[in-house]
Amino acid sequence: METKNKPTLYWSLLKFKELNFYIASTSKGLVFVGSQNKPFEELSEWAKKRFQGSSLVENDEKLEPYAVELTQYLERKRKTFTVPFDYNGTAFQLAVWNALCEIPYGQTKSYSDIANDINKLAAVRAVGAAIGANPVLITVPCHRVVGKDGSLTGYRGGLEMKTLLLDLERQTSSNDE
Numbered sequence: 156m157e158t159k160n161k162p163t164l165y166w167s168l169l170k171f172k173e174l175n176f177y178i179a180s181t182s183k184g185l186v187f188v189g190s191q192n193k194p195f196e197e198l199s200e201w202a203k204k205r206f207q208g209s210s211l212v213e214n215d216e217k218l219e220p221y222a223v224e225l226t227q228y229l230e231r232k233r234k235t236f237t238v239p240f241d242y243n244g245t246a247f248q249l250a251v252w253n254a255l256c257e258i259p260y261g262q263t264k265s266y267s268d269i270a271n272d273i274n275k276l277a278a279v280r281a282v283g284a285a286i287g288a289n290p291v292l293i294t295v296p297c298h299r300v301v302g303k304d305g306s307l308t309g310y311r312g313g314l315e316m317k318t319l320l321l322d323l324e325r326q327t328s329s330n331d332e
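Take any residue in the sequence shown, note its place counting from 1, add 155, and you have its number in our numbering.
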């Protein structure tokens, strides 16, 4: 049962090869994609902060459309996502997350590029914080943000997962050429 302020969060564990991560949605759209091989507590702690008082209900059927698109992405059969999102963030975070969605598949941008894209040139650190708060890994491609010198920088899913996603996209892009 949903109330206006306390939507039910539906969740499922997505398993793909060596990757296991929790995904969650409201009835409006995807709200969370977890880190590689992290326990359920990553999702439950996030939900307590972002959806205080909402119940977490396991429901593979409700999460199936999201799991299908994420699996297609991981199988190199999908480059963009069509599932709905139910973002929960500040106006600044939403601007940053929307800018991340504009980074083409297989390409990267720096934090200062994102700050420039949202016309907040002096807000590079705040951009980094907003990227770090991105609740929907992979689908909002924060893994495509690297240091100004091209170096890999922090990623909620861990640098191993970031490397895996960037390599997957580079290989797919080079195979398409």
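Backbone N, C-alpha and C fix where the C-beta goes; we use that ideal spot for every residue, glycine too. These numbers were taken from a predicted model, which means no experiment stands behind them.
Straight-line Cα distance separating Tyr-177 from Asp-198:
For clarity, residue 198 is Leu in the given sequence; the question names Asp instead. The alpha-carbon separation between Leu-198 and Tyr-177 amounts to approximately 7 Å.
So what's Leu-211 in DSSP terms, helix, strand or just coil?
In the structure shown, Leu-211 sits in a strand (DSSP, three-state: E or B).
Straight-line CA distance for Leu-320 to Gly-261?
Rounded to the nearest angstrom, the gap between the Cα atoms of Leu-320 and Gly-261 is 9 Å.
Tell me which same chain residues have a C-beta within less than 8 Å of the C-beta of Phe-240, skipping the five on either side of it?
Excluding the 5 residues flanking it on each side, Phe-240 has same chain C-beta neighbours closer than 8 Å at Gly-184, Leu-185, Val-186, Val-291, Thr-294 and Val-295, in chain order.
Are the beta-carbon atoms belonging to Thr-181 and Leu-164 less than 8 Å from one another?
Using a Cβ distance threshold of 8 Å, Thr-181 and Leu-164 count as a contacting pair.
DSSP-derived helix/strand/coil call for Ala-284:
Of the three classes helix, strand and coil, the one that applies to Ala-284 here is helix, per DSSP.
For Asn-192, which residues from the same chain have a beta carbon less than 6 Å from its beta carbon, with the 5 sequence-adjacent residues on both sides left out?
Hits under 6 Å: Asn-175.
Can the beta-carbon of Glu-219 be found less than 8 Å from the beta-carbon of Trp-166?
Their beta carbons are not under 8 Å apart, which means Glu-219 does not touch Trp-166 by this criterion.
The alpha helix (DSSP H) enclosing Phe-187, as first and last residue numbers
In the DSSP assignment, Phe-187 falls outside any alpha helix (DSSP H) and lies within the beta strand (DSSP E) extending over 185-188.
Starting from Trp-166, follow its DSSP beta bridges and name the residues at the other end.
By DSSP's assignment, Trp-166 forms a beta bridge with Ala-179 and Glu-213.
Within the chosen definition, does the segment 272-280 reach the segment 242-258 through at least 3 CB pairs nearer than 8 Å?
The segment 272-280 is in contact with the segment 242-258.
Tell me whether Arg-280 is buried or exposed, calling it buried when 16 or more other Cβ atoms sit within 10 Å of its Cβ.
The residue in question, Arg-280, is exposed, as its Cβ has fewer than 16 Cβ neighbours within 10 Å.
Measuring only the C-alpha atoms, how far is Glu-196 from Ser-209?
Approximately 15 Å, taken between the alpha carbons.
Closest by C-alpha distance to Cys-297, when choosing among Glu-224, Ser-190 and Phe-171:
Taking the Cα of Cys-297 as reference, the smallest distance to any Cα among Glu-224, Ser-190 and Phe-171 is reached at Ser-190.
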